[in-house]
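Residue numbers (our numbering): 78 to 287.
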Amino acid sequence: MKIDRMQAFSDGVYAILITILVLDFKIPDYHVGSLFSAVLKQWPTMFAYIVSFLYVGTIWLFHHDFFQTLKETNTSLNIINLVMLFSVTLIDYPTALVANTLISENQNDMQVAFVYYDIVALFISLTFAWLYSYVRKHPELTRMKSDQPHFYLAIRYDPVRSVIIYGAAILATFFSIWLGACLLLVGVGYHFVAYLRLSKSMQKSIREDR
Numbered sequence: 078m079k080i081d082r083m084q085a086f087s088d089g090v091y092a093i094l095i096t097i098l099v100l101d102f103k104i105p106d107y108h109v110g111s112l113f114s115a116v117l118k119q120w121p122t123m124f125a126y127i128v129s130f131l132y133v134g135t136i137w138l139f140h141h142d143f144f145q146t147l148k149e150t151n152t153s154l155n156i157i158n159l160v161m162l163f164s165v166t167l168i169d170y171p172t173a174l175v176a177n178t179l180i181s182e183n184q185n186d187m188q189v190a191f192v193y194y195d196i197v198a199l200f201i202s203l204t205f206a207w208l209y210s211y212v213r214k215h216p217e218l219t220r221m222k223s224d225q226p227h228f229y230l231a232i233r234y235d236p237v238r239s240v241i242i243y244g245a246a247i248l249a250t251f252f253s254i255w256l257g258a259c260l261l262l263v264g265v266g267y268h269f270v271a272y273l274r275l276s277k278s279m280q281k282s283i284r285e286d287r
């Protein structure tokens with residue numbers, strides 16, 4: 078099966094998800110002349126939005142570039158892609174939870190919200206690990222030829238490292254919410270570093286196969 082329809086559907090899902098993230102912004106209740114302070118109090122909503130936008134945007138970059146290495150798909154890969162998209166669409170709910178609990182400043186609720194976010198992020202990383210493993214075992218789906226083993230050797234452990242980071246964030250959150258939050262941010266940042274490695278390895282593999 079051709080890959081184009083899968084890519085178009087996936088891009089649509091990512092676009093809708095990012096659009097939904099911004100819907101958490103609401104005009105605050107404020108007295109005339111105090112709008113500035115009311116907007117400042119909404120900083121958790123902006124913070125959660127920026128983090129999730131960067132996270133989802135980086136995942137989309139991964140998805141877009143990785144699927145450029147494929148020439149066709151099959152039923153199993155379609156299912157893996159659907160599970161991956163399902164995992165990514167879950168990010169909107171913990172984003173709202175984190176924003177609301179940061180505003181309320183209740184420690185127990187903040188702990189639940191951050192752990193929830195970490196669990197979703199861990200799930201997303203597991204789906205990417207599943208994708209990498211499946212495509213590596215089915216080279217007939219890829220455009221790459223001679224350098225495919227080297228390409229996967231460079232990226233195969235990135236999702237596993239992400240799982241470890243988010244697992245550590247979950248454990249840390251039970252002892253320190255802010256330490257857990259920092260590890261969550263490290264996980265999001267690591268995705269971008271891993272994306273740059275994937276892009277570099279992919280370009281090298283494509284050049285060598287020409």
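We put the beta carbon where it would ideally sit given N, CA and C, even for glycine.
With H, G and I counted as helix, E and B as strand and the rest as coil, what does DSSP make of residue i?
i	result
L131	helix
I168	coil
V109	coil
L100	coil
M78	coil
F252	coil
Y209	helix
K118	coil
R233	coil
N158	helix
N183	coil
Rounded to a whole number of angstroms, what is the C-alpha to C-alpha distance between residue i and residue j?
i	j	result
M279	F228	7 Å
T122	Y132	15 Å
V109	S181	23 Å
S202	F139	11 Å
T332	D186	Nothing can be reported for residue 332: it is not among the residues displayed for the chain, which extend from 78 to 287.
L154	I104	42 Å
V212	A92	25 Å
L117	I80	45 Å
F113	G244	38 Å
N151	W255	43 Å
G134	S253	28 Å
Q119	S129	16 Å
May I ask you to list the residues that DSSP assigns as paired with residue i?
i	result
L147	T219
Determine, using beta carbons only, whether residue i and residue j come nearer to each other than 9 Å.
i	j	result
Y194	P216	no
F200	L167	yes
L94	V175	no
L208	N158	yes
G257	Q184	no
G264	I242	yes
E149	M221	no
L261	A198	yes
A206	P236	yes
A115	Y126	no
T204	V160	yes
Out of the options, state which residue places its alpha-carbon closest to the alpha-carbon of residue i.
i	options	result
F143	C259, M83 and W255	M83
H141	L112, L100 and F86	F86
S276	S210, I254, I196 and I136	I136
Q145	V160, D88 and W120	D88
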